[in-house]
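Quick note on the working numbering: the sequence shown kicks off at 112 and runs consecutively. A quick write-up on the structure given underneath.
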Amino acid sequence: MGNTVTELADRALADRHEALTAEIRALLDAALVVMQRADTIDPKVTDIVRESGLSNQAFYRHFDGKNALLLALLADGRDRLARTIERRMARAASPDERVRAWVGAVLDQARDPDAAAATRPFVANSERLAVEYPIEVARSRDQLLEPLTAAVGATDAHAVYHVAMGAVHDALAARHTPSKREIEALTEFAIRGCRHD
Numbered sequence: 112m113g114n115t116v117t118e119l120a121d122r123a124l125a126d127r128h129e130a131l132t133a134e135i136r137a138l139l140d141a142a143l144v145v146m147q148r149a150d151t152i153d154p155k156v157t158d159i160v161r162e163s164g165l166s167n168q169a170f171y172r173h174f175d176g177k178n179a180l181l182l183a184l185l186a187d188g189r190d191r192l193a194r195t196i197e198r199r200m201a202r203a204a205s206p207d208e209r210v211r212a213w214v215g216a217v218l219d220q221a222r223d224p225d226a227a228a229a230t231r232p233f234v235a236n237s238e239r240l241a242v243e244y245p246i247e248v249a250r251s252r253d254q255l256l257e258p259l260t261a262a263v264g265a266t267d268a269h270a271v272y273h274v275a276m277g278a279v280h281d282a283l284a285a286r287h288t289p290s291k292r293e294i295e296a297l298t299e300f301a302i303r304g305c306r307h308d
């Protein structure tokens with residue numbers, strides 16, 4: 112009897128977990144749509160709820176307000192980018208190729224239309240985010256820096272980070288898609304900067 116009860120409880124919890132995960136994903140995706148429309152990180156909860164097809168109750172079941180949602184979106188976007196960076200860098204054999212993989216993944220944020228649209232509101236409000244949420248922004252930066260630091264060391268990794276992120280921010284703010292030639296020039300600049308012959 113004990114095993115049956117445990118199995119039924121586990122199944123109910125798994126079903127509930129799946130439903131809650133789907134709600135959170137729907138709210139995050141809806142928030143991105145609303146934010147992209149207005150190029151803002153200040154979407155109205157009512158607009159997010161309407162876009163998601165869920166209720167206010169569902170929103171507040173997962174987030175205690177807009178700021179909590181914003182931080183979840185920031186973390187979700189950085190997690191996705193970090194996974195892409197890790198996959199690309201895992202295939203690179205040399206330090207130069209690891210830098211190339213890292214820079215390419217970061218600059219794709221400005222080249223891919225979907226990634227650019229999702230990232231632009233955060234770029235437009237990056238200074239505000241850094242002031243209001245310094246710990247969370249630092250955590251996101253560190254997550255992206257970790258594999259690059261392992262490849263080239265902390266000093267070079269920070270320099271490459273600022274060059275690449277600066278290029279992404281400029282491109283997104285200007286609604287400019289960097290050309291392959293621009294990306295290659297920036298990548299070669301970053302690689303040369305990491306060589307200490």
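Backbone N, C-alpha and C fix where the C-beta goes; we use that ideal spot for every residue, glycine too. All of these numbers come straight from a predicted model, not from anything done at the bench.
Looking from the CA of Leu143, the closest CA among Arg303, Asn167, Asp219 and Ala228 belongs to Ala228. For Leu165, no alpha helix (DSSP H) encloses it, and the DSSP letter there is neither H nor E. Cα atoms of His173 and Ala186: separation of roughly 15 Å, rounded to the nearest angstrom. Around the beta carbon of Gly215, 16 or more other beta carbons sit within 10 angstroms, so the residue counts as buried.
Leu240 and Asn114 have their alpha carbons spaced roughly 49 Å apart. Cβ neighbours of Ala270 within its own chain (closer than 7 Å, five residues either side excluded): Gly304. Between Met276 and Val217, the beta carbon gap of about 7 Å places them in contact (Cβ cut-off 8 Å).
The Cβ-Cβ distance between Ala301 and Val274 falls below 8 Å. A Cβ-Cβ contact shorter than 8 Å links Arg222 with Thr288. By a beta-carbon distance limit of 8 Å, Ala169 contacts Glu134. Their separation comes to about 5 Å.
With fewer than 16 other beta carbons inside 10 angstroms of its own, Val242 counts as exposed. Taking C-beta separations shorter than 7 Å and ignoring five residues to either side along the sequence, the partners of Glu162 in its chain run Ala141, Val144 and Val145, following chain order. When the alpha-carbon of Arg136 is set against those of Thr157, Arg252, Pro154 and Leu184, the nearest one is in Leu184. Per DSSP, Arg231 is one residue of the alpha helix (DSSP H) stretching across Pro224 to Ala235. Distance from the CA atom of Lys291 to the CA atom of Leu297, rounded to whole angstroms, is 10 Å. In this structure, Ala203 keeps its C-beta atom at 8 Å or more from the C-beta atom of Arg194. Following the DSSP letters along the chain, one finds Asp190 inside the alpha helix (DSSP H) bounded by residues Lys177 to Ala201. Judged by beta-carbon spacing, Thr230 lies beyond the 8 Å limit of Gly164, meaning their Cβ atoms are not closer than that value.
Taking C-beta atoms as the reference points, Leu192 and Tyr244 fail to come closer than 8 Å.
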